[in-house]
Amino acid sequence: MFILVISNTDVASIPGITVAGKEQDLIKYTPIADAEFLFYGRPKSIDAIPVTPEGHPTPGIITKASKILANFPLLVVRSGTLIEPKIPFVNITNIPGNNIAEKTALPYLEKILENSELFGHEMSFLNEIYIGESVPGGTTTAQAVLTGLGYESTVSSASQINPIDLKMKIVKKAIDRIGIKNLDWYTSLKELGDPMMAFIVGFSHGYSGKIFLAGGTQMLAVAALMKESGKMPEKILTTKYVINDKSATFEKTAKEIGIDYYKANLDFSKSKYNGLKDYEKGIVKEGVGAGGSIYIAEKKGINVNEIIQKVEEIYGNITGKK
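For this note's numbering, count along the sequence shown from 1 and bump the result up by 131.
Below, the structure written as structure tokens:
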């Protein structure tokens with residue numbers, strides 16, 4: 132089972148913090164558009180194709196290609212999106228996360244943990260579950276959580292130029308607001324986290340099988356929280372683009388947490404589409420469980436080159452380019 136967790140936070144409203152949506156008002160649609168795209172091949176809640184004006188597609192296009200080829204089951208969990216997606220979904224909460232620089236991120240954390248734990252218990256008939264995410268601004272909350280837990284790390288970014296100075300400025304404000312450092316997992320999650328993290332941590336408390344985290348540096352924060360709260364994930368499944376990001380400390384931080392990882396060796400350098408070629412420049416990198424979807428497909432005997440070809444086909448169809 133592949134679970135996609137979709138969330139929003141007020142952190143994403145900070146100018147310059149995310150490229151997940153070209154215009155500020157569109158950022159709130161990004162998670163639900165990603166989820167709807169995986170089901171229908173295009174968003175339902177917004178009349179737009181899932182590519183930026185520069186032609187860079189959502190990483191959901193990789194997950195969509197893997198899903199078509201590997202035919203794995205998909206379940207969407209709404210944990211704090213501003214808008215209800217137009218697909219079947221599991222509702223954990225409809226309240227987004229707050230701006231961590233100004234106030235407690237998740238004042239309602241206990242309810243999210245409770246709902247998620249109950250859901251995890253009911254899903255324990257499955258031996259393993261893969262969990263991906265779509266959370267605009269989520270690397271900033273990840274940076275805050277890792278910092279709060281005492282890790283000297285830097286997170287990645289969907290942008291070619293990582294706005295790490297801005298992220299650190301927000302994190303410092305948040306830590307100063309709390310007034311203490313080296314937090315326990317519960318306080319770090321409540322004060323600095325986001326609803327996606329809260330869902331996965333709560334889910335892990337109820338689920339008895341193996342959990343694989345599909346994502347980049349955001350999932351490092353989740354892994355660190357899970358480790359401190361009692362259940363270590365099996366592995367983080369990401370892409371080579373996250374590993375190759377020199378502005379981030381993925382490998383160093385993974386080692387410090389003690390979590391193994393897999394990297395999907397995608398290569399769009401020979402693509403006929405510039406929007407896909409730019410992935411090789413460090414644009415987008417990961418998201419919507421892209422690396423995890425390739426891991427599942429490869430376990431089913433599907434070659435990464437087949438996934439690349441399918442991505443090219445989907446991209447051509449949604450943009451009208453041939």
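Don't be surprised by glycine CBs; every beta carbon is placed ideally from N, CA and C. Because the structure is a prediction, the values reported are computed rather than measured.
**Asked** alpha helix (DSSP H) containing Ser197: first to last residue?
**Response** Gly191 to Ala201
**Request:** Tell me whether Leu131 sits in a helix, a strand or coil according to DSSP, three-state version.
**Result:** The displayed coordinates of the chain run from 132 to 453. Any statement about residue 131 would go beyond what the structure contains.
**Message:** Please tell me whether Ile158 and Ala179 are closer than 7 Å, where the distance is taken between their beta carbons.
**Reply:** no
**Prompt:** For Ser265, which residues does DSSP report across the bridge?
**Reply:** Ile137
**Item:** Spatially closest choice to Phe399 from Arg173, Pro190 and His336, by CA coordinates
**Value:** Pro190
**Prompt:** Which residue from Val182, Thr194 and Phe256 puts its Cα closest to that of Val435?
**Reply:** Thr194
**Prompt:** Taking the alpha-carbon positions, what's the Gln440 to Gly432 distance?
**Reply:** 15 Å
**Message:** Following a CB-centred definition, is Gly347 positioned closer than 6 Å to any heavy atom of the ligand NAP?
**Reply:** Absence of the ligand NAP from the depicted structure is noted, as is the absence of any ligand whatsoever, leaving it without description.
**Request:** Classify Tyr171 as buried or exposed, calling it buried when 16 or more other Cβ atoms lie within 10 Å of its own Cβ.
**Result:** exposed
**Prompt:** Of all the options Gly337, Pro294, Leu205 and Pro238, which has the alpha carbon lying nearest to the alpha carbon of His252?
**Reply:** Gly337
**Request:** Classify Ile301 as helix, strand or coil using the three-state DSSP reduction.
**Result:** helix
**Prompt:** In or out: Leu244 buried (at least 16 other Cβ within 10 Å) or exposed?
**Reply:** Counting Cβ neighbours within 10 Å, Leu244 comes out buried, since at least 16 surround it.
**Request:** List the residues that DSSP assigns as beta-bridge partners of Gly228.
**Result:** Thr140
**Message:** Can you give me the C-alpha to C-alpha distance between Met327 and Asn375, rounded to a whole angstrom?
**Reply:** 25 Å
**Asked** Hey, quick one: how far does the alpha helix (DSSP H) through Val332 stretch, first residue to last?
**Response** Pro326 to Gly337
**Asked** Counting along the chain, where does the beta strand (DSSP E) carrying Val207 start and finish?
**Response** Leu205 to Ser210
**Prompt:** Between which two residues does the beta strand (DSSP E) harbouring Tyr446 extend?
**Reply:** For Tyr446, there is no enclosing beta strand (DSSP E); the residue is found in the alpha helix (DSSP H) stretching over Val435 to Thr450.
**Request:** Following the continuous beta strand (DSSP E) through Lys394, name the residue where it begins and the one where it ends.
**Result:** For Lys394, the enclosing beta strand (DSSP E) covers residues Tyr392 to Ala395.
**Asked** Exposed or buried, Lys321, counting other C-beta atoms within 10 Å across all chains shown (16 or more means buried)?
**Response** buried
**Message:** Restricting to Cα atoms, I'd like to know which of Leu200, Gly147 and Asp307 is closest to Glu437.
**Reply:** Leu200
**Item:** Given Gly423 as reference, the closest of Gly281, Ile177, Leu397 and Asp296 once Cα atoms are compared
**Value:** Leu397
**Closest residue to Gly413 among Asn258, Ser290 and Glu264 (Cα-Cα distance)** = Ser290
**Request:** Determine the contact status of Ala329 and Ala273, defining contact as a CB-CB distance below 7 Å.
**Result:** no
**Item:** For Asn448, the nearest candidate out of Pro188, Pro227 and Leu206 (CA to CA)
**Value:** Pro188
**Asked** Using 8 Å as the Cβ pair cut-off and three pairs as the minimum, do the segment 202-214 and the segment 223-239 touch?
**Response** Touching, per the Cβ criterion.
**Asked** Which first and last residues belong to the beta strand (DSSP E) in which Ile367 is found?
**Response** Lys366 to Thr370
**Asked** When the Cα of Thr450 is compared with those of Met132, Arg173, Lys358 and Ile134, which residue comes out closest?
**Response** Arg173
**Request:** Within 10 angstroms of the Cβ of Phe256, are there 16 or more other Cβ atoms? Answer buried if so, exposed if not.
**Result:** exposed
**Message:** If contacts are defined as beta-carbon pairs under 8 Å, then Ile231 and Val136 qualify, I think. What distance do you get, rounded to the angstrom?
**Reply:** Not confirmed; about 18 Å, so no contact.
**Nearest-angstrom Cβ-Cβ length linking Leu277 and Thr384, presumed shorter than 8 Å** = Beta-carbon to beta-carbon, Leu277 and Thr384 are separated by about 7 Å, close enough to satisfy the 8 Å threshold.
**Message:** How far does the beta strand (DSSP E) with Phe343 in it extend, from its first residue to its last?
**Reply:** It spans Lys341 to Ala345 - the beta strand (DSSP E) in which Phe343 sits, taken as one unbroken run.
**Message:** Run through the DSSP bridge pairs and tell me what Ala260 is partnered with.
**Reply:** Checking the sequence shown, residue 260 turns out to be Ile, not Ala. Bridge partners of Ile260: Ile342.
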